[in-house]
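Visitor: No gaps in the numbering here: position 65 of the sequence shown is 1014 in this note's numbering, and each next residue is one more. For every residue, glycine included, the Cβ atom is placed at its ideal position computed from N, Cα and C. Quantities reported herein were computed from a predicted structural model and do not represent experimental measurements. Before anything else, here's the structure in question.
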Amino acid sequence: MSKVLVAEDNLPNRELIREILESCGHQVIEAEDGQQALERLKESTPDLILLDIQMPVLDGYAVVRQVRQTPHLANLTVLALTAYAMQGDREKVLQSGFDGYLTKPIDVAVLTDVLQRFLD
């Protein structure tokens, strides 16, 4: 069973992602903003992070920068969750330290495929 940190400020989105992850047998750690995500990372190291780009307190870009600068977290797989789907947005996300990119609204089939690719 893999452990996944889901950092998403939108409660319905976070609940949907949690339900999908749990139905696939993964343990879920939740955070509702970027600062809370960093606090969760001090408590536990997940196998993968799903990180919303636009969150209060600290956005996803700030969180992924800190993850990449922290030696024991630097190699974690971090996937961006965002409503931005333009080609330039994808490039910015990948150049910012994210390993992958998922668009919202969440497509269950795409999410489960990505999870299998990165966690298996």
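In whole angstroms, give me the CA-to-CA distance for residue 1062 and residue 1006.
Guide: Along the sequence shown, one-based indexing puts residue 1062 at 113. Along the sequence shown, one-based indexing puts residue 1006 at 57. Using only the alpha carbons, I get a separation of about 30 angstroms.
Visitor: Could you tell me the distance, in whole angstroms, from the CA atom of residue 953 to the CA atom of residue 968?
Guide: Within the sequence shown, numbered from 1, the residue matching residue 953 stands at position 4. Within the sequence shown, numbered from 1, the residue matching residue 968 stands at position 19. Rounded to the nearest angstrom, the two C-alpha atoms are 12 angstroms apart.
Visitor: Compare the Cα-Cα distances from residue 1068 to each of 979, 1053, 1048 and report the closest residue.
Guide: Numbered from its first residue, the sequence shown carries residue 1068 at position 119. When only C-alpha atoms are compared, the closest one is 1048.
Visitor: From residue 1024 to residue 1003, what distance separates their C-alpha atoms?
Guide: For this step, residue 1024 is matched to residue 75 along the sequence shown. For this step, residue 1003 is matched to residue 54 along the sequence shown. If I take the Cα positions, the gap works out to 22 angstroms.
Visitor: Contact defined as beta carbons within less than 8 angstroms: I believe residue 1052 pairs with residue 1042. What is the distance between those atoms, to the nearest angstrom?
Guide: Here residue 1052 corresponds to residue number 103 of the sequence shown, with the count starting at 1. Here residue 1042 corresponds to residue number 93 of the sequence shown, with the count starting at 1. Actually they do not touch by this definition, with Cβ atoms about 10 angstroms apart.
Visitor: Do you know offhand how far residue 994's Cα is from residue 956's?
Guide: The residue labelled residue 994 in the question sits at position 45 within the sequence shown. The residue labelled residue 956 in the question sits at position 7 within the sequence shown. Looking at the two C-alpha atoms, the distance is approximately 14 angstroms.
Visitor: Under 7 angstroms, do residue 1046 and residue 1017 count as touching if we go by C-beta distance?
Guide: By one-based count along the sequence shown, residue 1046 stands at place 97. By one-based count along the sequence shown, residue 1017 stands at place 68. Result yes, Cβ atoms of residue 1046 and residue 1017 sit closer than 7 angstroms.
Visitor: Label residue 1029 either buried or exposed according to how many other C-beta atoms from any shown protein chain fall within 10 Å of its C-beta, with 16 as the threshold for buried.
Guide: Start at 1 with the first residue of the sequence shown, and residue 1029 comes out as number 80. So residue 1029 counts as buried.
Visitor: Are the CB atoms of residue 958 and residue 992 nearer to each other than 7 angstroms?
Guide: For the purposes of this step, residue 958 is identified with residue 9 of the sequence shown, where counting begins at 1. For the purposes of this step, residue 992 is identified with residue 43 of the sequence shown, where counting begins at 1. No, the pair does not count as a contact, with Cβ atoms beyond the cut-off.
Visitor: Can you list, in chain order, the stretches of the beta strand (DSSP E) that have 3 or more residues and sit fully within the segment 1024-1058?
Guide: Runs of the beta strand (DSSP E) inside the segment 1024-1058: 1026-1031, 1049-1052.
Visitor: Does residue 1013 come out as helix, strand or coil in the three-state DSSP assignment?
Guide: Stepping through the sequence shown from its first residue, residue 1013 is reached at position 64. Three-state DSSP puts residue 1013 in a helix.
Visitor: By the 10 Å Cβ neighbour count, where 16 or more other Cβ atoms means buried, how is residue 1059 classified, buried or exposed?
Guide: Position 110 of the sequence shown, counting from 1, holds the residue named residue 1059. Classification for residue 1059: exposed.
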